[in-house]
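Residue numbers (this note's numbering): 984 to 1278.
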Ligand code: R5P
């Protein structure tokens, strides 16, 4: 098996090369003057199976085009592409028509993989529990929270999901440590985007709690959950979030909330320097274990 790396975070790229022991496909990328992308595969790939590891963030739209250009170019050279690895599955939050007239974005962006005969999409903590039916091929969803907590070397007594719909994350991490878990009720106004997280009576007095989630964008969800936990008497509050997109002001929002530590992964490339209370865990070992399994 060969590996084509496209835009993934440098540490993940190095980690995948080291841990998976796959030969790297070399490629040339450029932009035409009108903004269209150009890709050329430079390695010999004929009759080989190539895993395409494609970042989908930042620049989600151009990354989606890059993915399909790369697959087509590889197939044009008689390679097969049975597995695509997308560490952060952009466009996955819109997994239903919340309001009349909206698209199911995750279907629109990823269902064409089937037309290219891709058999398996490996992702890290996609927003919905199971998007295989929408994408139309097998989607392997790696949940990294328990792994990240172990790598961070912290001890947790309780795991919290900031949203009932995301309880599977809390449940899976809680099982790994034999601790209790629960959820908060989160409501998002689909028109304004404003979120409300309702307080709840949880038994977390003096406990070290880990809030687990898929994404931090503005930091609002984690900050609200953190405040509720401190009001209930929690000792330390950690956030364990797979994809820290960290949009503008999120660091300030999280810092004001008094989060003990944010533990995230190298699923995305970030433009900002992370403060010392943020730990980035390398996912390459977890991902390679999955890639080694045949599709
Ligand atoms: C939404 O449902 C996701 O699971 C995350 O909770 C959300 O994207 C976090 O966004 P923010 O950091 O802006 O609150």
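A virtual CB, placed ideally from N, CA and C, is assigned to each residue, including glycine.
Close Cβ partners of residue 1049 (< 8 angstroms) along its chain, the five nearest in sequence each way excluded: 989, 990, 1012, 1020, 1022 and 1037
Range of the contiguous beta strand (DSSP E) that encloses residue 989: 985–989
Limits of the alpha helix (DSSP H) - the one that residue 1096 falls within: 1095–1098
Assumed close pair residue 1068, residue 1105 - CB separation to whole angstroms, cut-off 8 angstroms: 5 angstroms
Cα-Cα separation, residue 1007 to residue 1178: 43 angstroms
Same chain only: Cβ atoms within 8 angstroms of residue 1199, ignoring 5 sequence neighbours per side: 1205, 1222, 1224, 1226, 1227, 1228, 1229, 1233, 1237, 1245 and 1247
Cβ-heavy atom distance, residue 1204 to the ligand R5P, below 6 angstroms: yes
beta-carbon residue 1201 near the ligand R5P non-hydrogen atom, thresh 6 angstroms: yes
Sufficient close CB pairs (3 or more, under 8 angstroms) joining the segment 1152–1160 to the segment 1267–1274: no
Contacts around residue 1283, its chain only, beta-carbon distance under 8 angstroms, and the 5 residues preceding and following it disregarded: Outside the shown range of the chain (984 to 1278) lies residue 1283, about which nothing can therefore be said.
Near the ligand R5P: residue 1140 beta-carbon under 6 angstroms from a heavy atom: no
Exposure of residue 1098, with buried meaning 16 or more beta-carbon neighbours within 10 Å: exposed
Beta-carbon gap between residue 1130 and residue 1144 smaller than 7 angstroms: no
With 16 other Cβ atoms within 10 Å as the buried cut-off, status of residue 1202: buried
Reference residue 1042, options 986, 1112 and 1072, closest by Cα: 1072
Three-state class that DSSP yields for residue 1144 in the structure shown: strand
Nearest-angstrom beta carbon gap, residue 1195 and residue 1142 [assumed within contact, 8 angstroms]: 6 angstroms
Counterpart residues of residue 1068 in DSSP-defined beta bridges: 1036 and 1105
Proximity test, residue 1078 beta-carbon vs the ligand R5P heavy atom, cut-off 6 angstroms: no
Neighbour-count burial assignment, residue 1112, 16 or more Cβ in a 10 Å radius: exposed
Proximity of residue 1026 and residue 1009 at Cβ, strictly below 7 angstroms: yes
Residue 1243 to residue 1147 span [Cα, whole Å]: 23 angstroms
Residue 1173 and residue 1117 closer than 7 angstroms at C-beta: no
Simplified DSSP assignment, three categories, for residue 1122: strand
Residue 1054 classed as buried or exposed, judged by whether at least 16 other C-beta atoms fall within 10 angstroms: buried
Pair within 7 angstroms by beta-carbon distance, residue 1056 and residue 1031: no
CB contact flag (residue 1064, residue 1101, <7 angstroms): yes
For residue 1122 and residue 1110, the rounded distance between their alpha carbons: 12 angstroms
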